[in-house]
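Report on one structure; see the data block that follows.
In mature numbering (1 follows the signal peptide of the UniProt record, and there is no 0), the protein residues as written are -23 to -1, 1 to 122.
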């Protein structure tokens, strides 16, 4: 009986210790796991935009290649479906740029943000719901004065 007492004590300690380590392992796994980030889908707006811009006087040209980023197939389909309206809106937006503004880095970033807003607005007006458009990027931007 005296020998049985240490074995029972060890067995009890193991039983008490085991659930705690299992719980700690599960917590560590839960903390270590990051939710799977959805894969981005990129839709190039082809062909490139070529517009004249600025005020009166000498003609100035802007050539821009843009790509839209979305995270689901439904949003990509919306962008493709409304491509003519999106392109029309972006051509109008780009042709309204002023020379002194578009020549600066801030002006180019503002144009990018305005293009994103314009794309979202076109889709929201046509679909009446969230666009799913996350961002727009300039793949290429050439300004000729």
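Backbone N, C-alpha and C define an ideal beta-carbon position, used for all residues, glycine too. From a predicted model like this one, the values you see are computed outputs, not experimental measurements.
Cβ pair residue i, residue j closer than 9 Å
| i | j | result |
| --- | --- | --- |
| residue 44 | residue 61 | no |
| residue 42 | residue 54 | no |
Bridge-paired residues (DSSP) for residue i
| i | result |
| --- | --- |
| residue 112 | 46 |
| residue 21 | 44 |
| residue 138 | The chain is shown only over -23 to 122; residue 138 falls outside these bounds and no answer can be derived. |
| residue 27 | 40 |
| residue 118 | 41 |
Cβ shell of residue i (< 6 Å), same chain only, five flanking positions each side left out
| i | result |
| --- | --- |
| residue 122 | 37 |
| residue 18 | 47, 53 |
| residue 112 | 46 |
| residue 114 | 44 |
| residue 119 | 40 |
| residue 33 | none |
Residue i versus residue j - alpha carbon distance
| i | j | result |
| --- | --- | --- |
| residue 110 | residue 15 | 14 Å |
| residue 40 | residue 117 | 8 Å |
| residue 51 | residue 59 | 12 Å |
| residue 75 | residue 104 | 32 Å |
| residue 85 | residue 13 | 33 Å |
| residue 128 | residue 72 | As shown, the chain starts at -23 and ends at 122. That puts residue 128 outside it, with no answer to give. |
| residue 79 | residue 88 | 8 Å |
| residue 107 | residue 49 | 12 Å |
| residue 70 | residue 77 | 16 Å |
| residue 35 | residue 81 | 19 Å |
| residue 83 | residue 90 | 10 Å |
| residue 30 | residue 65 | 15 Å |
Same chain only: Cβ atoms within 7 Å of residue i, ignoring 5 sequence neighbours per side
| i | result |
| --- | --- |
| residue 67 | 26, 92, 95 |
Cβ-based neighbour list, residue i, same chain, cut-off 8 Å, excluding 5 preceding and 5 following
| i | result |
| --- | --- |
| residue 63 | 22, 56, 95, 96, 99, 100 |
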